[in-house]
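Residue numbers (this note's numbering), protein chains in the order written: chain Z, 8 to 206; chain P, 8 to 206.
Number of protein chains: 2
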Amino acid sequence: MPGYILPLEKLIEQFEHLPGIGHKTAVRLAFSVLEGTEEEAGAFAQAILDAKHKVVRCKVCQNLSDTEVCSVCSDPKRDRSMLCVVEDPKAVMALERVKEYNGLYHVLHGTLSPMDGIGPEQLTIRELIARLTDGEVKEILLATNPTIEGETTAVYLSKLIKPLGIRISRLAYGVPVGGDIDYADEVTLFRAIEGRRDL
Amino acid sequence: MPGYILPLEKLIEQFEHLPGIGHKTAVRLAFSVLEGTEEEAGAFAQAILDAKHKVVRCKVCQNLSDTEVCSVCSDPKRDRSMLCVVEDPKAVMALERVKEYNGLYHVLHGTLSPMDGIGPEQLTIRELIARLTDGEVKEILLATNPTIEGETTAVYLSKLIKPLGIRISRLAYGVPVGGDIDYADEVTLFRAIEGRRDL
């Protein structure tokens, strides 16, 4: 194709690989990179590399972290008797924005979904149970998404954990059913934490 | 902020700098980078750097290029008697997709806009006039956008070029093909009626 500028086309292609970005948006984004300074392009490229290289899983809660133990798990001011179990790191970010919850987290990295071949072994359930052996955790707040998979996972976990004599609660149905915790607004999330129910 | 993962936050911030990308989209895009492989992240970062480092302006038509003279200007099959004057490189990409136009281009990199302090010196008008001295160019198609600034620039250029005895044309205005007359604005319809052609 004449008029083809390879480095530009390659950048457009890269943007098109991102979720929800079509061709015209990709073109717009690629041109905005070209219009910026060298420093800005360098910082953007570095941010991509750093995010990929430096972000690991916290060995305690399995959340994404740039240290071996994440800042929440290593914070002495957090309430260690409370664990909030979430599906993914985005849910932790959403809950942290509310500033209401002061316990620790456990990130499952998915939900039970037998249709997709995802059983308990594919999630971080083994790591979760291991955290409950020393008796420090008194309550577990199940904050999986209010979807079929999220509910299934919550029921599975409650059956697994109840025999250990730990209080189990579930986020209240302040979060819109069928929605996604990542996209809930702060007030809704606040109500959901406040109105948590025993299972 | 507890739960803050610096490399991730930095990447989200970088995505937020892009035009039309809000916080939630930026989070989604950043996570999609994290979910990809190291190679994919590396290729993305490299594409940004390459686009910024390797893309320069063609010294003939001022369009973006990865070579000193762009592939259109150096193509012996293009009609050198015809110049299409556009505002920006995106317009060249759009016109090239049509595959109908076989002449050369000249990219102004903007439009006249005295309110924003953009006069003829800020555009590549000097370079355009220099291309017209050898008498090779017989026609200039003014393809600036149908906006006030685009019109002003077209009128300015036509006044400047007419004394050189070169034919000057302008892209036709009208209802877009596949569009709906009901949704066309009054000005477009007025131009479409004004520019009606015999069948």
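Just so you know, even glycine gets a beta-carbon here, dropped at the ideal spot from N, CA and C.
Asked, Found
"Rounded separation between VAL194 of chain P and ALA50 of chain P - CA only", "46 Å"
"Contacting positions in the stretch 26-41 of chain P - beta carbon closer than 8 Å to chain Z", "PRO26, GLY27, ILE28, LYS31, THR32, VAL34, ARG35, LEU36, ALA37, PHE38, SER39, VAL40, LEU41"
"Touch test, the stretch 73-85 of chain Z against the stretch 124-137 of chain Z, Cβ-Cβ under 8 Å, three pairs minimum", "no"
"Candidates P:MET89, P:GLU47, P:LYS97, of which the one nearest VAL114 of chain P by Cα", "P:LYS97"
"C-beta neighbour in chain P for LEU13 of chain Z, strict 9 Å", "yes"
"Inter-residue Cα distance where the pair is PRO116 of chain Z and VAL92 of chain Z", "As written in the sequence, residue 116 of chain Z is His, which differs from the Pro given in the question. If I take the Cα positions, the gap works out to 10 Å."
"Secondary structure of VAL105 of chain Z, DSSP reduced to three states", "helix"
"GLU45 of chain Z classed as buried or exposed, judged by whether at least 16 other C-beta atoms fall within 10 angstroms", "exposed"
"C-beta neighbour in chain Z for GLU107 of chain P, strict 9 Å", "no"
"Segment limits, beta strand (DSSP E) that includes TYR163 of chain Z", "Taken as a continuous stretch (DSSP letters only), TYR163 of chain Z belongs to no beta strand (DSSP E), being part of the alpha helix (DSSP H) at 155-168."
"Simplified DSSP assignment, three categories, for LEU210 of chain Z", "Residue 210 of chain Z is absent from the model: chain Z starts at 8 and stops at 206."
"Chain Z contact residues for ALA52 of chain P, given Cβ-Cβ distances below 7 Å", "ALA52, ILE55, LEU56"
"For HIS113 of chain P, the residue or residues it bridges with in DSSP", "P:VAL92"
"Classification of GLY10 of chain P by the beta-carbon crowding that lies within 10 angstroms, buried from 16 upward", "In this prediction, GLY10 of chain P scores a pLDDT of 49, lower than 50, which makes its location untrustworthy; the coordinate-derived value is nonetheless stated afterwards. Looking at its Cβ environment, which holds 16 or more other Cβ atoms inside 10 Å, GLY10 of chain P is buried."
"Host alpha helix (DSSP H) of LEU36 of chain P (start-end)", "30-42"
"Candidates P:LEU119, P:THR32, P:VAL34, P:ALA48, of which the one nearest THR151 of chain P by Cα", "P:LEU119"
"Run of the beta strand (DSSP E) containing LEU148 of chain Z, from where it starts to where it stops", "146-149"
"Chain Z within 9 Å of LYS17 of chain P, Cβ atoms only", "yes"
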